[in-house]
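In UniProt numbering, the protein residues as written are 1 to 109.
As structure tokens, then:
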């Protein structure tokens, strides 16, 4: 049995994400990105804070992150990339309709 205490949080995240990447195109380059369902809550906090470099470092494979830095994309490029990630991964980020309401009325007491 492996002792999990020797791995850093970043290493654990990379181990968990290995082999679970989607492919999406940024500025004509294919990048490997984790599907949104696999993003950690800490990663979501980074996204909400607006630090795109730190966010993408968390969700891209290490090789893809290096390509991202070299590309230095525009906001429009990143928006198109994230839309492609959304469509490749299924349900769009933040667009869940939530539970549906029952068609039956609730009896009042």
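Every residue gets a Cβ at the ideal spot worked out from N, C-alpha and C, and that includes glycine.
Query                                                                                                                                                                     : Result
For residue 81, I'd like the list of residues in its chain whose CB is within less than 6 Å of its CB, leaving aside the five on either flank, ordered along the chain.   : 24 and 26
What number of angstroms, rounded off, separates the C-alpha of residue 47 from the C-alpha of residue 75?                                                                : 14 Å
Please list, in chain order, all residues of the same chain as residue 67 whose beta carbon is under 7 Å from its beta carbon, the five residues on each side excluded.   : 29 and 31
Mapping DSSP to helix, strand and coil, what is residue 23?                                                                                                               : strand
Can you name the residues that DSSP bridges to residue 33?                                                                                                                : 22 and 60
Just to confirm the assignment, what range does the alpha helix (DSSP H) spanning residue 45 have?                                                                        : 41 to 49
Would you report the Cα separation of residue 33 and residue 72, rounded to the nearest angstrom?                                                                         : 17 Å
Measure the alpha-carbon distance for residue 53 versus residue 40 and round it to whole angstroms.                                                                       : 16 Å
With a threshold of 8 Å on Cβ separation, who are the neighbours of residue 97 within its own chain once the five nearest residues in sequence on each side are excluded? : Since pLDDT at residue 97 reaches only 48, below the 50 mark, its modelled position is unreliable, and the value read off the structure follows with that caveat. Taken in chain order, the list of residues that qualify is empty.
Can you look up residue 86 in the DSSP assignment and give me helix, strand or coil?                                                                                      : helix
So, with DSSP's three-state summary, where would you put residue 97?                                                                                                      : With a pLDDT of 48 at residue 97, under the threshold of 50, the modelled position of that residue is not reliable, and the figure given next carries that caveat. Three-state result, residue 97: coil.
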